[in-house]
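These protein sequences, in sequence, are chains A, B, C and D.
Everything in the first sequence is counted per the working numbering, starting at 117 for the first residue and increasing by one.
Everything in the second sequence is counted per the working numbering, starting at 117 for the first residue and increasing by one.
Everything in the third sequence is counted per the working numbering, starting at 1449 for the first residue and increasing by one.
Everything in the fourth sequence is counted per the working numbering, starting at 1449 for the first residue and increasing by one.
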Amino acid sequence: MVNLGFSIGDLYFKNPVLTASGTFGNGTEFDDFFDVSRLGGILLKGTTLENREGNPYPRMAETPSGMLNSVGLQNKGIDYFESEIYPKVKNYDTNVIVNINGSYIDDYVSLAERINSLENIPAAELNISCPNVKMGGMAFGTNPVSAREVIREVRKVYRKKLIVKLSPNVTSIIEFARIAEDEGADSVSLINTLLGMAIDVSKMKPSLATITGGLSGPAVKPVALRMVWQVANAVKIPVIGMGGIMTATDALEFMLAGASAVQVGTASFIDPQASVKILEGIENFMIQKGITDIGEIVGFINRKSV
Amino acid sequence: MVNLGFSIGDLYFKNPVLTASGTFGNGTEFDDFFDVSRLGGILLKGTTLENREGNPYPRMAETPSGMLNSVGLQNKGIDYFESEIYPKVKNYDTNVIVNINGSYIDDYVSLAERINSLENIPAAELNISCPNVKMGGMAFGTNPVSAREVIREVRKVYRKKLIVKLSPNVTSIIEFARIAEDEGADSVSLINTLLGMAIDVSKMKPSLATITGGLSGPAVKPVALRMVWQVANAVKIPVIGMGGIMTATDALEFMLAGASAVQVGTASFIDPQASVKILEGIENFMIQKGITDIGEIVGFINRKSV
Amino acid sequence: MGKRTEDLIIIENKHLSPEFFILELSGKDNLADFRPGQFVQVRVEGSPETFLRRPISIYDVDFVKNTFKLFFQIAGKGTSVLSKLKAGDSLNLIYPLGTSFTVPEKNEKVLLVGGGVGIAPLLFLGKCMNEKGNIPDILLGFRNSERIVEVDQFREAGKVFLTTEDGSVGEKGFVTNHSLLLQTKYDKIFCCGPESMMKSVASYCRKNSIFCEVSLENLMACGFGVCLCCVADTVRGNLCSCIDGPVFNLNDLKW
Amino acid sequence: MGKRTEDLIIIENKHLSPEFFILELSGKDNLADFRPGQFVQVRVEGSPETFLRRPISIYDVDFVKNTFKLFFQIAGKGTSVLSKLKAGDSLNLIYPLGTSFTVPEKNEKVLLVGGGVGIAPLLFLGKCMNEKGNIPDILLGFRNSERIVEVDQFREAGKVFLTTEDGSVGEKGFVTNHSLLLQTKYDKIFCCGPESMMKSVASYCRKNSIFCEVSLENLMACGFGVCLCCVADTVRGNLCSCIDGPVFNLNDLKW
Ligand SMILES: Cc1cc2nc3c(=O)[nH]c(=O)nc-3n(C[C@H](O)[C@H](O)[C@H](O)COP(=O)(O)OP(=O)(O)OC[C@H]3O[C@@H](n4cnc5c(N)ncnc54)[C@H](O)[C@@H]3O)c2cc1C
Ligand SMILES: Cc1cc2nc3c(=O)[nH]c(=O)nc-3n(C[C@H](O)[C@H](O)[C@H](O)COP(=O)(O)OP(=O)(O)OC[C@H]3O[C@@H](n4cnc5c(N)ncnc54)[C@H](O)[C@@H]3O)c2cc1C
Ligand SMILES: Cc1cc2nc3c(=O)[nH]c(=O)nc-3n(C[C@H](O)[C@H](O)[C@H](O)COP(=O)(O)O)c2cc1C
Ligand SMILES: Cc1cc2nc3c(=O)[nH]c(=O)nc-3n(C[C@H](O)[C@H](O)[C@H](O)COP(=O)(O)O)c2cc1C
Ligand code: FES
Ligand code: FES
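Next up, the structure:
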């Protein structure tokens, strides 16, 4: 049998296929389609302290090999999460990770404290890269000073594994990955969506109510892969790669470039079983190539003179 | 009849459809396919002072709705251009524009001086955004200090219309557009390619000899459109939009967002007549909508409360 | 059974007109859990322009043959590819999705109002009512006589009235101007069609305090409640039209 | 006539094996300008994975019927979609593209060497030679007996010799090990196939000072000389294999 496991510090993941926040609901929506516990981990939808209604409709536009969304972190807030969602997800036999968001640093900190005390949430993903909110979000993730500050403050209170989710809308993503590492993050995940836009030409107006939105799907894969490769060569903490992964081959591209694990996002909209099929595909690839440990794949192109 | 013309300063373009540098050869390659003089302008392939062999093969990878290239400015240099290419293109009845490149500021300046003296080249596009060269290129276009410097020095010697081609691989493209405007550029064009990467999983190695390359095609359109919209709202000089334009509808998206003109790039590889079909499509759209002047379309979504 | 994703075989693709089509699909599992108003998410293969699935209502279900139908109109690239599929081809679906109409009881006076391709979810609703012994009035609006389709099917489920925008068949004008609404006092109205039509039916129902359910056609990415793209603005905040809808009670909408 | 882009009608799509196909296309204009070694750029419709065109050699031309053929192997998504096309479907092409083989004169002793699907451009070359009264030897290499195709066509153009990697038909091993090359001293060798095969033929020719032209299969984006993606490393620097090739004289290559 092949070994698919990897670790972030002392947190073990049984395999490297996770789901991307905001594309996997609370996991329970997938119960009809497959056994969610088979995955290495699941990232729940972006959570904030308070209830949020998100942005006005329309929030979605299809683009060539991708989509734009401007959901804007709609969620019912941490109280609701604790009382209604946590009880349902805490018994999944996989790492259940909360994606935390805020408008101010204090919001992130308070939220991190709350998540910290939830026994069955072994890690939090600090989202400083949401392009769809007026305050916070990407503003933190595209400014090195505020990025450092929010990571530092959250790190002070959050004692479990801290994953920092990076924005691709920057000149040098390496800079931000290094800041996360410096400030004690246990891992970085990338990429969040690229800021994009679409116009409905027949109506002569923007397709999204917010005009701009976040681009995801296969269209972004080459950019995401490049960034993951850059970051994997710049930091020592594990890198979680995502952006347009639809198939096992896509996932393997990210791992060959240096990602220890991947997140499957938009693909789940098109095929709810995409993540578990990707997991199976990775396993098959390893069997075919006679690779027994997934670690041999991670960063392969950086080790070999290829 | 509809009016399709626009101007950059006192340089008139009979219509807003141009071709993107590096995707249209020297124009002459298209003579078999259509009358190149029908276009508003053509941008010839990236030119440098000296002969350049570009990067090693493989230089291309297909990606979802797009492609990566790492050509690296292969060209025969300005001497060859003057003696062999210029005589062939100078009589096109359209604006023939040279895309100028260098490793050092002096290269750009010397090249600009040479181009300046070519009577039938009414404009130059200053490429500070090529992601595929080790020196110069994108390094200028992603650093505000060196961007300013190279534009300033070229502006000192170049007396015709100067278009600055911006890199999308930055946190704020507005910053660079403003620098160009400040330093006396007559127009900005955007976007050049997004830095991307692909891996051949079966061979377990990068698809491109240079590992990273520039992403173009429909995949980048939402990002390009967003940037054009941002820049058009930030500067007063005309904005030339490009990135993934395949159809007239795509071109109209850019114009509605604020582009005075567009450049057609990768589309010409798939359909050599793409540019002229886009021109016809824009004309048809105007007739259908009863729009008599193309200027009514430019930036429409920014004027109306939509 | 719950939501499932499956490749189903096409039994027939009936061309009603250059614009309208009916795809009949062979069910795999039992279809007993299908409810009127629910929809399926269709994967369109072979089109570079359709990255996401396309939502289509369940038009008709044959529980005996274990087949069901989708009634659709060519709106763009996706539906145009669907229109070219042939018997024997397979189609990947996620189904059944969304909320359903509240099937009225026997002695309620009910009107079903459909406009254009929006008539789709109403046939199955009508048939479910018939099973309870209720025969609804059915008011169908079309742009013009050439676009009138499937009326005979609806006649089997209830008493059909027609309007066309140009008056070529039935009463002229929009459905809400139909004389039926002046003559009859309905207990319940169920409606699906263009938003402008649904909104005018809605305001008629509000004014006359009539129970009303509408089926929204918001843009969807996933169709099963995970992307939050398809929200409708309701009195309970933004709700997903794919799981809290597409059928909404008018009282819940901020219309 | 020059390069042109056109929709051509498929007359036949012949399935030679699960892997190999021959598409016959009806020419629009006169095909008199087609030269052996040239290729076409095929637009693959209906596949989200094929954004760029696919280069395929001109396999055979019938100047009387004004038709021509493409011989291809399923290598991935694009060729797999091509394999499903039917008579009557249309295919958009840019053609004719690239350089051609230098057709030898009557009394030159010539060998054509092809491997796998790389035999494609050699049939037309053989036929052009026949017209000059020259009958070449033709050495074709295949992986195994199941992959042997089109040999009868080649027999019409010259004397055919076969090799298979497993020795199931013809001589065992690679083409360059064939006894023919020991027995006969050729004036010219023309070659197309996998790069490793072409390189060993090339080194044989260099050693024996034999005129040699090879047809490269570099990755292409445009196919008509504007993207500069398809370069071959030559003694004159990087040259485009779509306009300065695909046929190169060995002396020009840095092999
Ligand atoms: C719950 C629900 C049930 C539906 N039932 C039916 C049905 O039974 N029969 C039928 O013909 N149509 C139905 N629709 C509409 C159908 O989904 C769209 O017509 C279809 O997605 C258009 O796809 P396309 O690729 O052909 O067009 P596109 O090229 O994508 O777009 C053409 C036009 O259709 C609109 N459109 C695109 N995607 C959607 C979408 N996901 N939802 C709504 N509008 C869209 C676009 O705004 C555009 O104006 C339903 C929609 C929903 C949300
Ligand atoms: C001048 C020229 C003439 C050719 N003539 C023929 C011919 O007559 N018959 C034939 O079957 N094939 C021919 N080929 C190869 C053919 O172009 C590729 O097999 C085809 O493009 C693969 O496309 P795909 O979508 O099926 O495979 P993909 O899924 O794109 O790729 C599958 C494999 O094919 C390779 N490939 C992809 N694109 C190209 C390309 N543009 N050129 C070369 N290899 C590629 C990939 O590296 C990959 O290993 C020729 C290539 C060139 C450059
Ligand atoms: C509809 C939608 C909602 C998203 N919401 C969140 C979110 O709440 N938090 C977050 O960190 N990322 C969010 N993302 C970004 C994804 O997690 C992921 O980073 C991105 O989509 C790229 O991966 P993909 O191309 O595989 O989808 C969202 C993406 C989409 C498409
Ligand atoms: C093969 C190739 C070569 C290119 N060479 C140049 C170049 O020499 N100079 C330049 O400014 N841009 C160059 N570009 C970038 C294009 O001009 C254009 O900015 C980019 O491709 C985005 O537009 P598109 O998506 O329409 O192709 C090149 C692009 C491609 C695909
Ligand atoms: S379409 Fe995704 S939540 Fe409704
Ligand atoms: S394929 Fe574009 S130059 Fe050869």
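Yeah, the Cβ is synthetic: ideal placement off N, Cα and C, and Gly gets one too.
Contact set between residue i and chain B, taken where Cβ atoms lie within less than 8 Å
i       : result
D:I1542 : P388
A:E369  : A314, I315 and V317
Below-9 Å beta-carbon distance, residue i vs any chain D residue
i       : result
C:S1495 : yes
B:N243  : no
B:E64   : Residue 64 of chain B is absent from the structure shown; chain B starts at 117 and stops at 422.
B:T210  : no
Cβ pair residue i, residue j closer than 9 Å
i       : j       : result
C:S1689 : C:V1674 : no
C:V1561 : C:C1639 : yes
B:I361  : B:V378  : yes
B:V414  : B:S376  : yes
D:A1568 : D:I1522 : no
B:S303  : B:T139  : no
Counted within 10 angstroms of its Cβ, other Cβ atoms place residue i as buried (16 or more) or exposed
i       : result
C:D1600 : exposed
D:M1449 : exposed
A:L165  : buried
D:H1626 : buried
D:K1636 : buried
A:V344  : buried
A:I410  : buried
A:M251  : exposed
A:G374  : buried
D:G1606 : buried
D:V1608 : buried
D:T1632 : exposed
Interface partners of residue i on chain A, CB under 9 Å
i       : result
C:K1451 : E145, D148, F149 and P388
Chain C within 9 Å of residue i, Cβ atoms only
i      : result
A:Q190 : yes
Cutoff 9 Å: residue i Cβ touching any chain A Cβ
i       : result
B:N285  : yes
B:F401  : yes
C:R1491 : yes
Per-residue contacts from residue i into chain B (C-beta, under 9 Å)
i      : result
A:S181 : T179, P180, S181, G182, P334 and A335
Chain B contact residues for residue i, given Cβ-Cβ distances below 7 Å
i       : result
D:F1499 : E178, S181, G182, M183 and G333
Contact list for residue i against chain D, beta-carbon separation under 7 Å
i      : result
B:P174 : L1667
Within-9 Å CB hit, residue i to chain G
i      : result
A:N308 : The chain labelled as chain G is not found among the protein chains of the depicted structure, namely A, B, C and D.
Chain-ordered neighbours of residue i on chain A, where CB pairs are closer than 8 Å
i       : result
C:C1675 : G138, T139, M176, N185, V187 and F385
C:V1679 : G170, Y173, R175 and Q190
B:L341  : G312, M313, A314 and I315
Interface flag, residue i vs chain B, CB-CB below 9 Å
i       : result
D:V1617 : no
D:N1686 : yes
A:G162  : no
A:A375  : no
7 Å Cβ cut-off: residues of chain A touching residue i
i       : result
C:D1477 : Within 7 Å Cβ-Cβ: nothing; C:D1477 doesn't reach chain A, min ~12 Å.
C:C1670 : F385
Where residue i meets chain C, residues with beta-carbon distance less than 8 Å
i      : result
A:E169 : G1685 and N1686
So does the stretch 253-260 of chain A actually touch the stretch 279-291 of chain A, counting three or more Cβ pairs closer than 8 Å? yes
If contact is defined by three or more beta carbon pairs under 8 Å, each pair taking one atom from either stretch, is the stretch 155-170 of chain B in contact with the stretch 201-220 of chain B? yes
Is the stretch 221-233 of chain A touching the stretch 199-207 of chain A, taking contact as three or more C-beta pairs under 8 Å? no
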